[in-house]
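Student: My structure is below; once you've seen it, I'll send some questions.
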Amino acid sequence: MNCRLQDKSIEDQLSMGIRYFDLRVAHKPHDSSSDLYFTHVIYTHLTVLETLLSVESWLESHPREIVVLALSHFEGMNDRCHESFIHSLKKLFGSKLCPRTESVLTLRSLWASGYQVILSYDDHSAARHEELWPDVPYNWANQRTAQGVIGYLDRKKDVGRPDGFFVSGLNLTADRYYITTTPSQTLRTLTLSNWACLQTWLQQQLPGSDPHSLNIVAGDFVGTLPLCSVVVALNHKLLHNKFIQI
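In structure tokens, the structure reads:
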């Protein structure tokens with residue numbers, strides 16, 4: 026089974042409207058260099074800093090856009106490696122980094138301060154750097170079908186939203202039995218065949234501060250599926266409700 030989860034470059038994803046990135050970082054075993062790579066079963070060809078440089082360049086030419094970068098896993102990294110990496114991140118994004126001490130997070134306040142990057146760093150070393158935010162909880166269903174994912178996300182909604190950012194993942198997961206019994210299937214074809222059901226559920230959701238609303242929505246193969254347009258349409262519900270209240 027093919028494990029590639031995105032079919033567009035990070036610049037293309039940004040231009041399509043993606044503003045949240047789940048980035049799993051690793052240092053390759055037996056690699057004498059300090060280079061880090063993104064990993065999800067396999068390693069990327071480009072290094073982490075090469076990819077993030079593309080993000081910084083894109084933001085430079087789009088000064089009113091905000092991104093959330095969630096860095097996690099950090100396979101093969103020790104404390105020294107973390108500090109070196111964090112230093113590079115702060116140097117790369119500089120004044121674009123929104124500190125976690127920022128009390129009001131609205132587009133208007135971020136624009137006024139010139140902040141464009143909310144950088145989540147899921148490691149204890151982040152506590153020493155005010156530019157780094159804690160991990161963003163990711164609601165991952167670990168289910169193979171749209172019905173399984175939807176059931177899980179609905180149960181999480183019933184519990185109520187956590188404080189701060191959180192992610193509702195539309196990702197499908199194939200278990201070992203499914204992989205061995207359907208060798209011709211890929212995560213891509215599995216995702217595409219379940220998309221209609223996921224899309225219908227997503228279109229019924231609400232954004233905003235309500236206890237049962239969504240915050241960040243993530244999915245796979247966003248270059249093929251109209252995830253961005255569906256999520257943007259959800260935000261229009263907030264504008265509609267505002268006009269009704271007025």
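Take the position in the sequence shown, starting the count at 1, then add 25; the result is the number in this note's numbering. By construction, the Cβ of each residue, glycine as well, lies at the ideal position given by its N, Cα and C atoms.
For E108, does the three-state DSSP call read helix, strand or coil?
Tutor: Helix at E108.
Student: What number of angstroms, rounded off, separates the C-alpha of L223 from the C-alpha of L195?
Tutor: For L223 and L195, the distance between alpha carbons rounds to 7 Å.
Student: Compare the C-alpha of P187 against each of D160, H149, T206 and R213 and name the closest.
Tutor: For the residues D160, H149, T206 and R213, the minimum Cα distance to P187 belongs to D160.
Student: Assign T8 to one of two classes, buried (16 or more other C-beta atoms within 10 Å of its C-beta) or exposed (fewer than that).
Tutor: Because the chain here runs from 26 to 271, residue 8 falls outside it and cannot be looked at.
Student: If H52 sits next to L61, beta carbons under 8 Å apart, how far is it from one beta carbon to the other, in whole angstroms?
Tutor: Their Cβ separation, rounded to whole angstroms, is 6 Å, which keeps H52 and L61 in contact under 8 Å.
Student: Quick check: N164 and L197, are their CB atoms within less than 7 Å of each other?
Tutor: Result no, Cβ atoms of N164 and L197 do not sit closer than 7 Å.
Student: Helix, strand or coil for E36, going by three-state DSSP, please let me know.
Tutor: If DSSP states are grouped into helix, strand and coil, E36 belongs with the helices.
Student: Can you pull the DSSP bridge partners for V142?
Tutor: Answer by DSSP bridge pairing, in chain order: V92 and L122.
Student: Would you be able to state if there are at least three C-beta pairs under 8 Å between the stretch 209-216 and the stretch 116-124?
Tutor: The stretch 116-124 is not in contact with the stretch 209-216.
Student: Report yes or no: do three or more beta-carbon pairs, one from the stretch 84-94 and one from the stretch 36-48, lie closer than 8 Å?
Tutor: The stretch 84-94, when compared against the stretch 36-48, does touch it at the 8 Å Cβ threshold.
Student: Which whole-angstrom value describes the C-beta separation of L2 and C123, a residue pair presumed to lie in contact below a C-beta threshold of 8 Å?
Tutor: The question about residue 2 has no answer, for the chain in this structure spans 26 to 271.
Student: Would you check if the stretch 93-110 and the stretch 139-146 touch, i.e. whether three or more CB-CB distances between them fall below 8 Å?
Tutor: Enough Cβ pairs lie closer than 8 Å, so yes.
Student: Who are the near neighbours of A95 in its chain, counting only those whose CB is closer than 6 Å to its CB and skipping five residues on each side?
Tutor: The answer, listed in chain order, is D47, S145 and V161.
Student: Leaving out five residues on either side along the sequence, give the residues of the same chain with a beta carbon under 7 Å from the beta carbon of R49.
Tutor: Result list for R49: F63, T64, H65, S97 and H98, in chain order.
Student: Along the beta strand (DSSP E) that carries S152, what are the first and last residues, could you check?
Tutor: As written in the sequence, residue 152 is Ala, which differs from the Ser given in the question. Taken as a continuous stretch (DSSP letters only), A152 belongs to no beta strand (DSSP E), as it is neither H nor E.
Student: Assuming G280 and L263 are in contact, meaning their beta carbons sit under 8 Å apart, how far apart are those beta carbons, in whole angstroms?
Tutor: Nothing in the structure corresponds to residue 280, since the chain is present only between 26 and 271.
Student: According to DSSP, which residues form a beta bridge with T72?
Tutor: In the DSSP output, where bridge partners are listed per residue, T72 has Y62.
Student: Leaving out five residues before and five after V255 in sequence, what residues of the same chain have Cβ atoms less than 7 Å from its Cβ?
Tutor: Here the set comprises Q224, L227 and Q228.
Student: In this structure, how does DSSP classify L239 when only helix, strand and coil are distinguished?
Tutor: Coil at L239, not helix or strand.
Student: Would you kindly report the start and end of the unbroken alpha helix (DSSP H) that includes L48?
Tutor: Looking at the DSSP string, L48 is not in any alpha helix (DSSP H); the run it does join, the beta strand (DSSP E), is Y45 to A51.
Student: S193 lies in the beta strand (DSSP E); which residues open and close that run?
Tutor: Per DSSP, S193 belongs to the beta strand (DSSP E) from V192 to G194.
Student: Can you tell me the Cβ-Cβ gap for N240 and F191, rounded? I've got them flagged as a contact below 8 Å.
Tutor: Right, their Cβ atoms sit about 5 Å apart.
Student: Roughly how many whole angstroms lie between the Cα atoms of K121 and D235?
Tutor: The straight-line gap from Cα to Cα measures roughly 29 Å.
Student: Buried or exposed: which applies to I175, given that a residue is buried once 16 or more other Cβ atoms fall within 10 Å of its Cβ?
Tutor: Buried, by the Cβ-count rule.
Student: Rounded to a whole number of angstroms, what is the C-alpha to C-alpha distance between L157 and I91?
Tutor: Rounded to the nearest angstrom, the two C-alpha atoms are 15 Å apart.
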